[in-house]
Amino acid sequence: MEMPKPDPFVLDRKAELISRLLTVLPEDAVISDVEETRAYECDALTAYRCPPLAAVLPRSTQEVSDVLRICHEMDVPVVPRGSGTSLAGGALPTADSVILGVSRLTDVLETDYDDRIIRVQTGRTNLSVTGAVEADGFFYAPDPSSQLACAIAGNIAMNSGGAHCLKYGVTTNNLLGVTLVQMDGTVVEIGGAHMDAGGLDLLGVICGSEGQLGIVTEATLRILPKPEGARPVLIGYDSLEVAGACVADIIKAGVLPVAIEFMDRIIIRIVEDYAKAGYPDCEALLIVEVEGSEDEIEEQLALIEEIARRHDPVELRRSQGEDESAKIWLGRKSAFGATGRISDYMCLDGTIPVSELPRVLGGIDRLSKEYGLAVGNVFHAGDGNMHPLIMYDANTPGQLETCEALGAEILKLCVEVGGCLTGEHGVGIEKRDLMTHQFAPEDMEAQMRVKDVLDPKWLLNPAKVFPLSVTQERRAG
Numbered sequence: 001m002e003m004p005k006p007d008p009f010v011l012d013r014k015a016e017l018i019s020r021l022l023t024v025l026p027e028d029a030v031i032s033d034v035e036e037t038r039a040y041e042c043d044a045l046t047a048y049r050c051p052p053l054a055a056v057l058p059r060s061t062q063e064v065s066d067v068l069r070i071c072h073e074m075d076v077p078v079v080p081r082g083s084g085t086s087l088a089g090g091a092l093p094t095a096d097s098v099i100l101g102v103s104r105l106t107d108v109l110e111t112d113y114d115d116r117i118i119r120v121q122t123g124r125t126n127l128s129v130t131g132a133v134e135a136d137g138f139f140y141a142p143d144p145s146s147q148l149a150c151a152i153a154g155n156i157a158m159n160s161g162g163a164h165c166l167k168y169g170v171t172t173n174n175l176l177g178v179t180l181v182q183m184d185g186t187v188v189e190i191g192g193a194h195m196d197a198g199g200l201d202l203l204g205v206i207c208g209s210e211g212q213l214g215i216v217t218e219a220t221l222r223i224l225p226k227p228e229g230a231r232p233v234l235i236g237y238d239s240l241e242v243a244g245a246c247v248a249d250i251i252k253a254g255v256l257p258v259a260i261e262f263m264d265r266i267i268i269r270i271v272e273d274y275a276k277a278g279y280p281d282c283e284a285l286l287i288v289e290v291e292g293s294e295d296e297i298e299e300q301l302a303l304i305e306e307i308a309r310r311h312d313p314v315e316l317r318r319s320q321g322e323d324e325s326a327k328i329w330l331g332r333k334s335a336f337g338a339t340g341r342i343s344d345y346m347c348l349d350g351t352i353p354v355s356e357l358p359r360v361l362g363g364i365d366r367l368s369k370e371y372g373l374a375v376g377n378v379f380h381a382g383d384g385n386m387h388p389l390i391m392y393d394a395n396t397p398g399q400l401e402t403c404e405a406l407g408a409e410i411l412k413l414c415v416e417v418g419g420c421l422t423g424e425h426g427v428g429i430e431k432r433d434l435m436t437h438q439f440a441p442e443d444m445e446a447q448m449r450v451k452d453v454l455d456p457k458w459l460l461n462p463a464k465v466f467p468l469s470v471t472q473e474r475r476a477g
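The numbering of the sequence shown is UniProt numbering, which starts it at 1 and goes up by one.
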C-alpha cells in the first residue's frame, strides 16, 4: 500500500515543531522519541506501519486548537487518532505527520435524561458511554465489535454501527451535535441537543468524514431507555444460500429484530474453539435478537421461528436466559479477535442489498478459490454490511499482495450488485484506490471541494479516502 514520501522541509524542522508544541502542552503530552512514537505506527490494520514524526495527547478542546494552529502555521500534516481500532488504516501516520490522539479527552460533560442526551469528550470509549448512564436505565445504542476499546471520536469519523444498528441505526442516527476543531485551530459548534437543529445538515457531512475535515473533541449523543428485555435465537443451516433466504423472509415479514448476524462454517469453528458459545456444526449460523416486554419477545420469536422452520434448519435454539444470551453474543463479538489467534487477516467492510446475499457469498467463495486464500464471512445480515475476513500468512512473500488483490475484487463485487465499498469501517488507506470504482470523476471532485473549503492545505489525515495521486496534487496547490 503506497504512502506519500515525507516532506523533507517538515522533517528538518522537527526540533522547532516540538519546541512550539511544548509551549501549549505539558511535557508528558508531547511524544517525540523515535522508540516511543512506535506505539502509534499503526492502527488495527497492522499490515502497514510508519512511525510518526511525533504524537500529542491533549486534554481539552483548547489544547487541540493550539496544536492544530501550530501545525497549520508550519505546514505539518496531522493524523487524528481515537483508540487505534480502525480496520481500514484510518489512523496510519505518515513519517512527516503528528498523531493527535484524543485518548485523554474522556470526561462526561452533561447528562440530561429528560431530553435523553449525553455530552462527552470524544476520547471516551463507546461502551463507557453506556456505563455512565446504565445505572439510571439508559444506554447508547451503536455497538461496534470493538466497543470495549473504540473511542467515540473514531465512531464519528467512520460512522460506526454494530450488531444492533438494524433497529437503532448507526452513529449518524444517534449523534446530535459536535464541537469541531478545524485545521487552522478554529473551534465551531455543529448541531445541538435535538434532532432538528437548524441550518444545513453539516453534522451529516462531518459524521463519516474520517478526520478529513476537522477533529471532533466533544459530542452530544442520543441515549435511550433500556428495553425491558431481549433474547436471541440461534438458527443453523446447511447452506449459505438458504440462510440468506431466511434473512430476506424475516425482513419481508415486517418483524424488526434488533439484530440479525450471520457467520459461515469457517468463522463458526474459529469462534467456537475460542469462546465455547455453544454454536452448532453447520454451514451458516444466524443470530436473531428481539427485544421488548416478555409478551412482545414471545410474539416476535414465534414468528421468526416459524419463518426459520420453512427453510429446514439443522438447529433452532432459543436462549433460555441472560447467561446463555451473553455467551451467544460473546462468540459473535469475539470473531475478529478469535480469527487473529490463528492467522493474519484483512477484514473487509462492503455493504450490499440484502437480496444479493446469495450471489455475493457465491462470488466470494469463487474468488477465494481463485486466489488460493481462505475467506471467513461474518456480518450484519439485516442491513447487508459484509465483513469477509481474508486469511493470509504475512511471513510468506507475496501473500499480503494477493490478499489485497482478492479484497479489491470482493469490494468491486459489492459495488457491482448495487452496494458500496464501506459500511462502517471507513475508506482509510485500504479502499482509497477503489473510490474511483464507486464514484464518477465529478462525484470525487465534489467531495474534494468540501475538503478544499475546510482544509485548504490538505494537511488533515493525509493519504486517506482519496486516491493518493489526487491528494498529492491538491496538497501541492
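The beta-carbon is built from N, C-alpha and C at its ideal position, and this holds for glycine as well. Here the structure is a predicted model, which is why all the values come from computation and not from measurement.
Query                                                                                                                                                                                                 : Result
Hey, would you say I390 sits closer than 9 Å to L357, going by beta carbons?                                                                                                                          : no
Are P144 and N173 closer than 9 Å when you measure CB to CB?                                                                                                                                          : no
If L234 and M263 are in contact, beta carbons under 8 Å, what's the gap, nearest whole angstrom?                                                                                                      : Actually they do not touch by this definition, with Cβ atoms about 10 Å apart.
Would you list the residues sitting across from M263 in a DSSP beta bridge?                                                                                                                           : L285 and V378
If I follow the unbroken alpha helix (DSSP H) through E305, where does it start and stop?                                                                                                             : E294 to R309
In terms of residue numbering, what span does the alpha helix (DSSP H) encompassing D112 cover?                                                                                                       : Note, D112: premise wrong, no alpha helix (DSSP H); beta strand (DSSP E) at V108 to D112.
So, under 8 Å CB-CB, D43 and G89 are touching, yes? Tell me the CB distance rounded to an integer number of Å.                                                                                        : 6 Å
From what residue to what residue does the alpha helix (DSSP H) around D43 run?                                                                                                                       : From DSSP, D43 is part of no alpha helix (DSSP H); its letter is neither H nor E.
Assuming the contact rule is C-beta atoms closer than 8 Å, A335 and I267 should be a hit. Round their C-beta distance to whole Å, please.                                                             : 6 Å
So does the stretch 453 to 462 actually touch the stretch 113 to 120, counting three or more Cβ pairs closer than 8 Å?                                                                                : no
H425 and E289 - do their beta-carbons sit closer together than 9 Å?                                                                                                                                   : no
Between I156, Q399, E298 and G244, which lies nearest to H380 when the distance is taken from Cα to Cα?                                                                                               : G244
Could I get the ranges of all uninterrupted beta strand (DSSP E) runs contained in the stretch 194 to 281, with 3 residues as the minimum, in chain order?                                            : 215 to 222, 230 to 237 and 259 to 264
What residue from L25, R49 and G407 has the CA that sits closest to R69's CA?                                                                                                                         : L25
Would K252 be called buried (16 or more neighbouring beta carbons within 10 Å of its own) or exposed?                                                                                                 : exposed
So, L411 versus H387, is the Cβ gap smaller than 9 Å?                                                                                                                                                 : no
Over the uninterrupted alpha helix (DSSP H) stretch that includes G82, give me the two end residues.                                                                                                  : First-last for G82: undefined, no H or E at that position.
With a 10 Å radius around its C-beta and 16 neighbouring C-beta atoms as the bar for buried, classify F9 as buried or exposed.                                                                        : exposed
What residues in its chain sit with their C-beta under 7 Å from that of G407, if we drop five residues either side in the sequence?                                                                   : M346, L348 and I390
Drop a sphere of 10 angstroms on the beta-carbon of G376, count the other beta-carbons inside from all chains shown, and report buried for 16 or more, exposed for fewer.                             : buried
Ordered along the chain, which non-local residues of its own chain (more than five positions away) have a Cβ less than 7 Å from that of T46?                                                          : none
Could you tell me which uninterrupted beta strand (DSSP E) segments, each at least 3 residues in length, are contained entirely in the stretch 354 to 433, listed from first to last along the chain? : 375 to 380 and 388 to 392
Using the Cα positions of P93 and E41, report the straight-line distance between them to the nearest angstrom.                                                                                        : 6 Å
Would you mind reading off the limits of the alpha helix (DSSP H) that contains T179?                                                                                                                 : It is not in any alpha helix (DSSP H) - T179 instead sits in the beta strand (DSSP E) that spans L175 to V181.
Check each candidate in S103, S83 and I250 and name the one with the smallest Cα separation from V354.                                                                                                : I250
If you run the structure through DSSP and keep just helix, strand and coil, what is I352?                                                                                                             : coil
Just mark G278 as buried or exposed, buried being the case when its beta carbon has 16 or more other beta carbons within 10 Å.                                                                        : exposed
Once DSSP output is grouped into helix, strand and coil, what is the label at M1?                                                                                                                     : coil
In whole angstroms, what separates the C-alpha of S239 from that of D295?                                                                                                                             : 32 Å
Are G185 and H72 closer than 9 Å when you measure CB to CB?                                                                                                                                           : yes
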